[in-house]
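Residue numbers (my numbering): 110 to 378.
See structure below.
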C-alpha cells in the first residue's frame, strides 16, 4: 500500500493490523489507539501528518516504522493540513478589531470535569461579529464541527503538543443545533417507539465518564442490525453526538424524563 501525509490511520490499520504496534512504539501518546472505542473515533479522522504532530515525532519516523510492514511512502504529496493552514479565514486578520472572549478550559479538564456546559454558556453570549477563543490542550474537533453547524466560522492554532487555541467567529444566525434539538425533543416519540417496539437494542451510558458515552453509542450503532433502533439511557442531551448522527445518516428522537435523565431513540428509516 502506498501511503502519504494525508493517509488516514484507519486505512493503515485496515491494510495491516500489525501497524498498530509499530505506531504505538513511536510515542506513549499513541497508547490511546489501543482502546477499540477511541480507535474507532480517532483513526478515520487522523492523518499520518496529524498523528506525527500529536505524537511528537516526524512524518519520516512514522514512514520508517511502517515501511517494514510493506507500506511505501510517497513523500512528494503535500499535506492537506498545510494547505488548509495557508487559507486563514478573513476574520483572523481582523482579530485586533473584533471583540474576543477568552475561555481557558485546561483547569476544568485537569480537574476531571467536562467543560461542555461552561463552553456552551459562553457560546450563548457571543453576538454576531464577535469571537470566542477556547484555550485547550488539544484541538477540540467535535466542538468545531458542532459550532460550525451553529453558523460559526472557525480557526485552530495548534501552538504546541499541549496547547491549542481555537477561534469561533459568529456569523449571521442560521438553523442552530438548539433549534434542531427542539424539533426532536418528544417530537412523535411515541409513534417512533411504537414503530420499533419489537426491534429495540438498549444501552445505558449514564454511569460512564466522558467521552465514553459518545464512543459507546457510536460503537453500538456500528453493529446495529438493519431495521433496529437503539434506545439509549443518558444523563444529558449529547450535543457532541448529534452532528455525528446526522453525518452517518441516522435520525433520532429525544425524550427528557427529568434532570439527569434523558432517553434517545436512534434509527435509520
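A virtual CB, placed ideally from N, CA and C, is assigned to each residue, including glycine.
Kindly indicate which three-state DSSP category residue i falls into: helix, strand or coil?
{"i": "residue 373", "result": "strand"}
{"i": "residue 200", "result": "helix"}
{"i": "residue 193", "result": "Its pLDDT being 46, under 50, residue 193 is placed unreliably in this model, and the value from its coordinates should be taken loosely. Residue state, collapsed to three classes: helix."}
{"i": "residue 277", "result": "strand"}
{"i": "residue 114", "result": "coil"}
{"i": "residue 334", "result": "coil"}
{"i": "residue 136", "result": "coil"}
{"i": "residue 300", "result": "helix"}
{"i": "residue 317", "result": "coil"}
{"i": "residue 181", "result": "strand"}
{"i": "residue 220", "result": "coil"}
{"i": "residue 282", "result": "The predicted model places residue 282 with a pLDDT of 49, which falls under 50 and marks its position as unreliable; any figure quoted below should be read in that light. Coil, per DSSP."}
{"i": "residue 120", "result": "helix"}
{"i": "residue 127", "result": "coil"}
{"i": "residue 348", "result": "coil"}
Tell me whether residue i is buried or exposed, calling it buried when 16 or more other Cβ atoms sit within 10 Å of its Cβ.
{"i": "residue 338", "result": "buried"}
{"i": "residue 134", "result": "exposed"}
{"i": "residue 334", "result": "exposed"}
{"i": "residue 362", "result": "buried"}
{"i": "residue 197", "result": "exposed"}
{"i": "residue 216", "result": "exposed"}
{"i": "residue 343", "result": "buried"}
{"i": "residue 112", "result": "buried"}
{"i": "residue 181", "result": "exposed"}
{"i": "residue 137", "result": "exposed"}
{"i": "residue 153", "result": "exposed"}
Can you give me the start and stop residues for the beta strand (DSSP E) that residue i sits inside?
{"i": "residue 266", "result": "261 to 269"}
{"i": "residue 210", "result": "209 to 213"}
{"i": "residue 310", "result": "309 to 313"}
{"i": "residue 243", "result": "240 to 245"}
Return the first residue and the last residue of the alpha helix (DSSP H) that residue i is part of.
{"i": "residue 367", "result": "From DSSP, residue 367 is part of no alpha helix (DSSP H) but of the beta strand (DSSP E) over 360 to 367."}
{"i": "residue 338", "result": "Taken as a continuous stretch (DSSP letters only), residue 338 belongs to no alpha helix (DSSP H), being part of the beta strand (DSSP E) at 338 to 343."}
{"i": "residue 235", "result": "Premise fails: residue 235 is in no alpha helix (DSSP H) and is neither H nor E."}
{"i": "residue 357", "result": "First-last for residue 357: undefined, no H or E at that position."}
{"i": "residue 170", "result": "168 to 175"}
{"i": "residue 164", "result": "157 to 164"}
On the premise that residue j lies in contact with residue i, defined as a C-beta separation below 8 angstroms, what is that separation, rounded to the nearest angstrom?
{"i": "residue 235", "j": "residue 210", "result": "7 angstroms"}
{"i": "residue 304", "j": "residue 273", "result": "At roughly 43 angstroms, the Cβ-Cβ gap does not stay under 8 angstroms, so residue 304 and residue 273 are not in contact."}
{"i": "residue 347", "j": "residue 279", "result": "Between residue 279 and residue 347 the Cβ distance is about 23 angstroms, and since that is not below 8 angstroms, they are no contact."}
{"i": "residue 268", "j": "residue 246", "result": "Actually they do not touch by this definition, with Cβ atoms about 11 angstroms apart."}
{"i": "residue 118", "j": "residue 155", "result": "5 angstroms"}
{"i": "residue 336", "j": "residue 364", "result": "Contact flag wrong, Cβ pair sits at about 21 angstroms."}
{"i": "residue 142", "j": "residue 158", "result": "Incorrect: roughly 16 angstroms between the Cβ atoms, too far for contact."}
{"i": "residue 228", "j": "residue 252", "result": "7 angstroms"}
{"i": "residue 256", "j": "residue 231", "result": "Wrong, their Cβ atoms sit about 11 angstroms apart, outside the cutoff."}
{"i": "residue 201", "j": "residue 243", "result": "The Cβ separation is near 14 angstroms, so there is no contact."}
{"i": "residue 179", "j": "residue 139", "result": "Their Cβ separation, rounded to whole angstroms, is 20 angstroms, which puts residue 179 and residue 139 out of contact at 8 angstroms."}
Going by alpha carbons, who is nearest to residue i out of the options?
{"i": "residue 207", "options": "241, 231, 322", "result": "241"}
{"i": "residue 185", "options": "115, 345, 145", "result": "115"}
{"i": "residue 324", "options": "144, 128, 112, 131", "result": "144"}
{"i": "residue 299", "options": "329, 322, 374", "result": "374"}
{"i": "residue 203", "options": "276, 213, 176", "result": "276"}
{"i": "residue 319", "options": "310, 369, 223, 244", "result": "223"}
{"i": "residue 357", "options": "330, 139, 127, 345", "result": "330"}
{"i": "residue 360", "options": "160, 226, 377", "result": "377"}
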